[in-house]
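In what follows, a structure is listed as structure tokens, so that the remarks can point back to it.
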Amino acid sequence: MAEEVIQQEEEKKTIYAGARGTAIKLLNRIERSDAYMDKLLDIELKLDELTSVDKSLLAELVHGVMRWQGRLDYLLNSFTHGNFSKTEINLKNALRVALYQILFLTRMPHYAAVNEAVEFIKRLRGDKTANFVNAVLRNIIRNLNDIQYPKRDENQLHFLSVYYSHPQWMVKRWLSRFEISDLEKFLTANNEIPPLTLRINKLKITPGEFLVLLDKEGIQYEGSQFIDFFIRVKTLTGIAQLEIFRQGLFSVQDESQALPVLLLAPQSGERVIDLCAAPGGKSTLIGELMNNKGDILAVDKFDHKLKLLKTSCERLGITNVKALAADASQ
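As numbered in the numbering used here, residues 1255 to 1584 make up the sequence shown, in order.
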């Protein structure tokens, strides 16, 4: 029995091998559960099974498919005569990964994206399904210069939602608030890859001291335009393995996520409730700004996500956060 389990695990590793196979595996997990994309990706990037080049490609594929899934799914549904939405999850994500490469990774030959998807599905589902994947992707490539999106003059909301890969309810709300020219600029910007930003933990180190450590590590950076204890770095891999990360000297956080906390302006000695708190970026920032003085109640519906928050608090040296698993809507 144990040998059969081991054999099954080895077969699974073979099927989901390489950057593209691993991307499909992670996208499957994200779709099937409420798991955090970044956490799943971080776990995979810590392993030594991929080269640094493949790890970069893996991150690009997972983030890219998630970012552009609305457009990808629309096109795949069109080129499968409406059958894409009915296909099983491995086939869906193999097609999404391949189409993302075809549309957005111009440095990558189209045949490479097609061949990888075909070989993956052949290992998993056999020749017949692999031939289907090959036919769909090659048909898209032949028609790349004549791809049809929803007609803008017939349904502007549908067009904007598909083309810019945003939920219809969100686009509908913004259409009622912004001029169309401003809205399209906003949608475009919303799909741009944000810079990697680090939040310096002022409980443990000053910004100046932290920059000295980055210089010693040879990490290129520039200051944030908005927050004086945030910095932008050009490239940074293996973050969790860095000693300065393990010591809790910084967190990875987007500047936009910090702005609500800065507007709140929490003071030492106050009592703060953070709802939907996991994985803890805002709660830990509040703790840092309060200098560990006062009380923070971090509430989230999912206990397993609160464990991530508790781990972050321990690493950062934050002692005034209490985690509570509860549904804030009830």
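Glycine included, C-beta positions come from ideal geometry on N, C-alpha and C.
It should be emphasised that the depicted structure is a prediction, and the values quoted were computed from it without experimental measurement.
Residue range of the beta strand (DSSP E) that includes residue i
i	result
residue 1304	No beta strand (DSSP E) contains residue 1304, which DSSP labels as neither H nor E.
residue 1486	1484-1487
residue 1578	1575-1579
residue 1459	Residue 1459 -> no beta strand (DSSP E), and no H or E assigned at all.
residue 1473	From DSSP, residue 1473 is part of no beta strand (DSSP E); its letter is neither H nor E.
residue 1552	1549-1554
Residue environment, residue i, which counts as buried when at least 16 other CB atoms sit within 10 Å
i	result
residue 1523	exposed
residue 1326	buried
residue 1535	buried
residue 1307	exposed
residue 1469	exposed
residue 1430	exposed
residue 1335	exposed
residue 1494	exposed
residue 1558	exposed
residue 1552	buried
residue 1576	exposed
residue 1279	buried
residue 1502	buried
residue 1318	buried
residue 1477	exposed
residue 1303	exposed
residue 1425	buried
residue 1285	exposed
residue 1301	exposed
residue 1541	buried
residue 1361	exposed
residue 1350	buried
residue 1409	exposed
residue 1374	buried
residue 1405	exposed
Boundaries of the alpha helix (DSSP H) in which residue i is found, first to last residue
i	result
residue 1566	1557-1570
residue 1538	1535-1543
residue 1497	1497-1500
residue 1446	Where residue 1446 is concerned, there is no enclosing alpha helix (DSSP H), given that its DSSP letter is neither H nor E.
residue 1274	1272-1286
residue 1324	1323-1333
residue 1525	Segment 1525-1529 is the beta strand (DSSP E) holding residue 1525; no alpha helix (DSSP H) there.
residue 1508	Premise fails: residue 1508 is in no alpha helix (DSSP H) and is neither H nor E.
residue 1401	Segment: none, residue 1401 is in no alpha helix (DSSP H) and carries neither H nor E.
residue 1426	1422-1429
residue 1366	1364-1379
residue 1417	1410-1417
residue 1343	1343-1358
Separation of residue j from residue i, as counted between CA atoms
i	j	result
residue 1472	residue 1422	44 Å
residue 1492	residue 1395	35 Å
residue 1261	residue 1298	Below a pLDDT of 50, predicted positions are generally treated as unreliable, and residue 1261, at 44, falls in that range; the measurement from the model is reported next regardless. Approximately 21 Å, taken between the alpha carbons.
residue 1529	residue 1459	28 Å
residue 1339	residue 1467	50 Å
residue 1499	residue 1566	11 Å
residue 1258	residue 1275	At residue 1258 the pLDDT is 45, less than 50, meaning the model places this residue with poor confidence and gives no usable figure here.
residue 1442	residue 1398	21 Å
residue 1560	residue 1579	7 Å
residue 1569	residue 1481	22 Å
residue 1256	residue 1295	Residue confidence for residue 1256 is low, a pLDDT of 45 falling below 50, so the modelled location carries little weight; the figure read from the coordinates is stated next. Roughly 28 Å between the two C-alpha positions.
residue 1432	residue 1320	25 Å
residue 1364	residue 1475	34 Å
residue 1272	residue 1546	44 Å
residue 1437	residue 1322	18 Å
residue 1479	residue 1463	19 Å
residue 1337	residue 1388	15 Å
residue 1411	residue 1270	37 Å
residue 1293	residue 1283	12 Å
residue 1376	residue 1341	15 Å
residue 1420	residue 1407	19 Å
Neighbour flag for residue i against chain D, beta carbons, 8 Å
i	result
residue 1425	Protein chains in the displayed structure number just one, and chain D is not present.
Nearest-angstrom beta carbon gap, residue j and residue i [assumed within contact, 8 Å]
i	j	result
residue 1366	residue 1391	No, residue 1366 and residue 1391 are not in contact; Cβ-Cβ is about 11 Å, not under 8 Å.
residue 1537	residue 1563	6 Å
residue 1543	residue 1514	Residue 1543 to residue 1514, Cβ: 12 Å. No contact.
residue 1384	residue 1368	Contact doesn't hold; Cβ gap of about 11 Å is too wide.
residue 1496	residue 1571	With a Cβ gap of about 17 Å, residue 1496 and residue 1571 do not count as contacting.
residue 1539	residue 1582	Contact flag wrong, Cβ pair sits at about 19 Å.
residue 1549	residue 1525	5 Å
residue 1556	residue 1532	6 Å
heavy atom of the ligand MN below 7 Å from residue i C-beta
i	result
residue 1434	Ligands displayed in this structure: none; no statement on the ligand MN is therefore possible.
Quiz prompt | Three or more C-beta pairs below 8 Å linking the region 1300-1314 and the region 1333-1352 | solution = Taking 8 Å as the limit for Cβ pairs, the verdict is that the region 1333-1352 does not touch the region 1300-1314.
Quiz item: Does the region 1501-1509 come close enough to the region 1445-1459 that 3 or more CB-CB pairs lie under 8 Å?
Solution: Three or more beta-carbon pairs separated by less than 8 Å link the region 1445-1459 to the region 1501-1509, which places the two stretches in contact.
Quiz item: Can you find at least 3 beta carbon pairs, one from the region 1413-1421 and one from the region 1325-1341, that sit closer than 8 Å?
Solution: yes
Quiz item: Okay, do the region 1441-1450 and the region 1481-1495 touch, 3+ Cβ pairs below 8 Å being the bar?
Solution: Verdict: yes, contact present.
Quiz item: Touching or not, the region 1354-1366 and the region 1377-1386, by the rule of three or more beta carbon pairs under 8 Å?
Solution: Contact fails: fewer than three Cβ-Cβ distances are below 8 Å.
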